[in-house]
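The structure appears right after this line, and notes come after that.
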Amino acid sequence: MVCSALLLLPLLLSNGAAFTAVQQSMSMQRYRSTSTTHLFSTQASPLEVVDSEAQDDPFNSYEIADTQKTIAFKDTKVGSGSTAEKGNLVQVKYSAKLMGSKYTANIKEFEVPNQVFQTGEQRCLPGLEEGMMGMKVGGSRLIRVPPNKGYGDKWYRGVVPPNSHLEFDCTLVNVAQNGGEEFMMKLEQFGIERAVGAGLCFAYLALSPIIEKKMAGM
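Residue numbers (mature numbering (1 follows the signal peptide of the UniProt record, and there is no 0)): -18 to -1, 1 to 200.
The following block contains the structure:
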């Protein structure tokens, strides 16, 4: 019996060592697996690093400098009517002021209570018209215009200095949807009283030769 036990002892010891080695190997595998998982878990998701506040607001970041070449605008009131698009006959009212100028800040000559014009036909300041696109009737918008889209490097009417940056406060009053609305908007722009007066003058000029002939034959 003693001899048999002595013969089995090396075998048990070797199996125990093998079992211990297997345990250590499994433990290392678990450790490596756990370590790898930890590394992946510490990597930030692309969605987590996006900061919406880091993006500059073009209106607030507008610079009164020669490098500023694009307009910037901010809606102060969003309208609910038709949208202003290129080619529309629009009716607007606006005021303007100089930005960062040593001259008077308010341009009284540009306090326009009513203006009707066809977009896309260069009837309006390029930067102002560009800033109006996309507005809805009833809406108001602040539009900042650099010199290259404003009045350039020369004086304008003695009130706008060269290389001036302008801020317009613009309201979209109406957008014509058909020929009838276009006629009424143009008539309103011209002035109904003036239109009536002009009509009477044309009628008199047309009828005066006939009246003179009749009076001469009497």
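We treat Cβ as the ideally placed atom computed from N, Cα and C, and that holds for glycine.
Are the beta-carbon atoms belonging to Lys68 and Gly102 less than 8 Å from one another? It is a contact, given that the beta carbons lie within the stated cut-off.
By the 10 Å Cβ neighbour count, where 16 or more other Cβ atoms means buried, how is Leu169 classified, buried or exposed? Around the C-beta of Leu169, fewer than 16 other C-beta atoms lie within 10 Å, and the residue is accordingly described as exposed.
Hey, would you say Pro129 sits closer than 8 Å to Asp135, going by beta carbons? With respect to Asp135, Pro129 sits close: the two C-beta atoms are nearer than 8 Å.
Cutting at 7 Å between CB atoms, please list the residues of its own chain near Glu111, excluding the five before and the five after it. Taken in chain order, the residues that qualify are Thr101.
Tell me, which residues are paired with Thr65 by DSSP? According to DSSP, Thr65 bridges with Lys118.
Span separating the alpha-carbon of Leu71 from that of Arg123: Leu71 and Arg123 have their C-alpha atoms spaced approximately 18 Å apart.
If you draw a straight line from the C-alpha of Val74 to the C-alpha of Pro143, how long is it? Going by the C-alpha atoms only, they are around 24 Å apart.
Restricting to runs no shorter than 4 residues, where is the alpha helix (DSSP H) found entirely within the region 91 to 136? Counting whole runs of 4 or more residues, the region 91 to 136 contains the alpha helix (DSSP H) stretches 108 to 114.
Could you give the C-beta distance for Val155 and Ser64, rounded to a whole number, given that I count them as a contact under 8 Å? Not a contact, Cβ separation roughly 11 Å.
Got a sec? Which residues, its chain only, sit under 8 Å from Arg139 by beta carbon, not counting five neighbours each side? Taken in chain order, the residues that qualify are Glu91.
Exposed or buried, Ala54, counting other C-beta atoms within 10 Å across all chains shown (16 or more means buried)? By the neighbour-count rule (16 or more Cβ atoms within 10 Å), Ala54 is buried.
Between Gly121 and Lys59, how many whole angstroms is the CB-CB distance? I'm expecting something under 8 Å. With a contact defined as Cβ atoms closer than 8 Å, Gly121 and Lys59 qualify at about 5 Å.
Please state the DSSP three-state secondary structure of Glu170. Here Glu170 sits in helix by DSSP.
Residues sharing a beta bridge with residue 206, DSSP: The question about residue 206 has no answer here: the residues shown for the chain are numbered -18 through 200.
Based on Cα-Cα distance, which residue from Leu148, Met167, Gly161, Thr153 lies nearest to Ser62? By alpha-carbon distance to Ser62, the top candidate from Leu148, Met167, Gly161, Thr153 is Thr153.
Of the choices Ser77, Glu163, Ser146, whose alpha-carbon is the least far from that of Thr49? Nearest Cα to Thr49 within the set Ser77, Glu163, Ser146: Ser146.
Skipping 5 residues on each side, what residues in its chain have a beta carbon closer than 7 Å to that of Glu93? Cβ neighbours of Glu93 beyond the five flanking positions: Ser77.
In its own chain, which residues sit with a C-beta less than 8 Å from the C-beta of Thr2, not counting the 5 before and 5 after it? For Thr2, the predicted model reports a pLDDT of 45, less than 50, meaning its position is unreliable and no value from the coordinates is stated.
What are the boundary residues of the beta strand (DSSP E) that includes Thr58? First-last of the beta strand (DSSP E) with Thr58: 54 to 59.
Have a look at the DSSP bridge pairing and note the partners of Gln73. Looking at the DSSP output, Gln73 bridges to Val98, Asn156.
Name the DSSP beta bridge partners of Tyr44, please? When DSSP reads this structure, Tyr44 sits in no beta bridge, so it has no partner.
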